[in-house]
Amino acid sequence: MEQEQQNEIRGLLQILEQTAEIAEDAILTEAYKNAEERCITQFNKVLKRLIEIEAVPNDLFDALQEDASYGEISIACHHLAAFLSEGLGAFPDLKGMMTNMLGKKFIDDITDEIKESKFGDLIRNAMPDFLTLKTLDDISKSFDVSHNGPKKLIIDTELGAIKIHTADTDKVNVFVHRSAQIKSDRLAADILDDFQVNFIEEGKNLKIDGNFITEKQHWRKIADRIDIGFDVVVPRSRYDIDLKTKNGDITVTDVNGAVECRTANGNLQFQNITGLLYAYTEKGNVRLNKGKGDIRLETLRGDIDISENTGKVDTVTSGGNLRCTNVVGEINGESSGGFIKIIACKGGAKLDASGGSIDVENDGPITAKTIGGSINADIIGQLKDDSVIEASGGDVTVSLISAVAAKLDARSGGGEIISALPIIRTDKDDAESWKLQGVINSEGPLMTLRSVGGDIILKSKP
107 MEQEQQNEIR GLLQILEQTA EIAEDAILTE AYKNAEERCI TQFNKVLKRL IEIEAVPNDL
167 FDALQEDASY GEISIACHHL AAFLSEGLGA FPDLKGMMTN MLGKKFIDDI TDEIKESKFG
227 DLIRNAMPDF LTLKTLDDIS KSFDVSHNGP KKLIIDTELG AIKIHTADTD KVNVFVHRSA
287 QIKSDRLAAD ILDDFQVNFI EEGKNLKIDG NFITEKQHWR KIADRIDIGF DVVVPRSRYD
347 IDLKTKNGDI TVTDVNGAVE CRTANGNLQF QNITGLLYAY TEKGNVRLNK GKGDIRLETL
407 RGDIDISENT GKVDTVTSGG NLRCTNVVGE INGESSGGFI KIIACKGGAK LDASGGSIDV
467 ENDGPITAKT IGGSINADII GQLKDDSVIE ASGGDVTVSL ISAVAAKLDA RSGGGEIISA
527 LPIIRTDKDD AESWKLQGVI NSEGPLMTLR SVGGDIILKS KP
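Now the structure itself:
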């Protein structure tokens, strides 16, 4: 290649480097808001010129689309620069520039690969190299909690997943892992270096804080490229847990003690918990498998799933579904934009759904209301107390044992009332097709049924 063409490629590489930097800074800081079009135009001009001077094949790289994101712009710049580095052996004066742009390790690796393999294979393998991790030294700590040692673990971190396990031990063992993808986001390494973990023993509490020293907020934009994890083992004997992370999943297994967990963005999962449980996530699912104790679970955007718990249950989900199976204890459940399913539960239920249906199998009493859905209630055994079931925009179906004793007040607006059970009417003087008042078999708790825009159906079962 002539010196003139070599100088031109040098200039084009500088443009690629600057364009990539602008795109990556924009992802992190929003410093170049709405400048995507300018970056796209610049990349496409560089690509067109490289094709004209036959520095790259005509059909190897695609021009960026007009709606390309900053992330796509950055990757396109790096891929094109990686291809041009094929000529490093022939043009050593370009190596310093490429090293500054892509990193010495990448350049050394790519030069060796060019010598030993076809360039097509190199391009296909380029992406994993860009996602090389930077890993800080793992943190490993052990605390003696026997006798007068701490009896409660508190973790408060700005970023990171948390996992809690138990073992037959009188120590709390803490392991912290920290890594970041630094090829796709140049500032991720700096952000990771800024993350600090502190351990504080305060009376009966062991507190672990994870914070960014300079209060950097850029991590929020690339949280999926930073991997921070807290893995902690606590004694299997009673030990209380209080966990909080702004971004990350929380998993707690086999804990005997009070558990309190909060995350702004992540899933919450619990297994075999004995004690009070409170869990909250702004965005994520909440799941409990086997619990003994009163619980309250909340999510603003996600599902709640409870399987096998003994104790009172309070749940609230916005934009998700609620499912409870084999719960012994009163259930209070609210769902917006999702369905509610209560299966094989005992202790009564108070359920409220908006935009979803309710299916409930419980020994009662049952209070269930939904707007924009139907209700299917299967009451186990005799009614124990008054029940109220109301649906707007759907049917109300209630299954009762044939020998049930209950009073009935049923009213349907725009639908029929159908019963497979014998009913002694008490409203004969004021009988209407849309309402039915009476006694099923004999006097008992009052069952109030209401439907707007649907039927009311009473079914008999053995």
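Note that my numbering has the sequence shown beginning at 107, numbered continuously upward. C-beta: ideal position from N, C-alpha, C; glycine also. Treat the numbers as computed from the prediction; the structure is a model and nothing was measured.
Thr421 has its alpha-carbon roughly 12 Å from the corresponding atom of Asn391. CA-to-CA, the gap between Ala182 and Asp333 works out to about 25 Å. Here the C-alpha atom of Asp168 lies approximately 14 Å from the C-alpha atom of Ala187. Short of 6 Å from the beta carbon of Lys513, and not among the five residues preceding or following it, lie these beta carbons of its own chain, in chain order: Val545 and Leu552. If the five residues before and after Lys490 are omitted, its C-beta is found closer than 8 Å to the C-beta atoms of Gly454, Asp469, Gly470, Pro471 and Pro551, all from its own chain and listed in chain order. In the DSSP assignment, Gln148 falls outside any beta strand (DSSP E) and lies within the alpha helix (DSSP H) extending over Glu142 to Glu158. Ile128 sits away from Ile159, with the two beta carbons spaced by 9 Å or more. Apart from sequence neighbours up to five positions away, the residues of its chain that approach Ile485 with a beta-carbon distance below 6 Å are Gly470 and Leu506, ordered along the chain. In this structure, the CA atom of His271 is about 29 Å from the CA atom of Gly439. In this structure Asp348 does not touch Ile446 by the C-beta definition: roughly 29 Å separates them, more than the 8 Å allowed. C-alpha of Asn373 to C-alpha of Asp400: approximately 20 Å in a straight line.
The alpha helix (DSSP H) runs lying completely inside the stretch 349-419 and spanning 4 residues or more number zero. With respect to Ile523, Ser498 sits apart: the two C-beta atoms are not nearer than 9 Å. Within the same chain, and ignoring the five residues on either side of Ala364 in sequence, the residues whose Cβ sits closer than 6 Å to its Cβ are Asp346, Gly381 and Leu382. Counting every other CB atom within 10 Å of its CB across the protein chains shown gives Ile297 a total of 16 or more, marking it as buried.
Rounded to whole angstroms, the Cβ separation of Ile562 and Ser518 is 5 Å, and the two are in contact under 8 Å.
Of all alpha-carbon atoms in Lys258, Asp243 and Gly479, the one lying nearest the alpha-carbon of Arg344 is that of Lys258.
Look at the stretch 437-473 and you find no whole run of alpha helix (DSSP H) that is 4 residues long or longer. Of all alpha-carbon atoms in Ile268, Val340, Leu555 and Gln543, the one lying nearest the alpha-carbon of His283 is that of Ile268.
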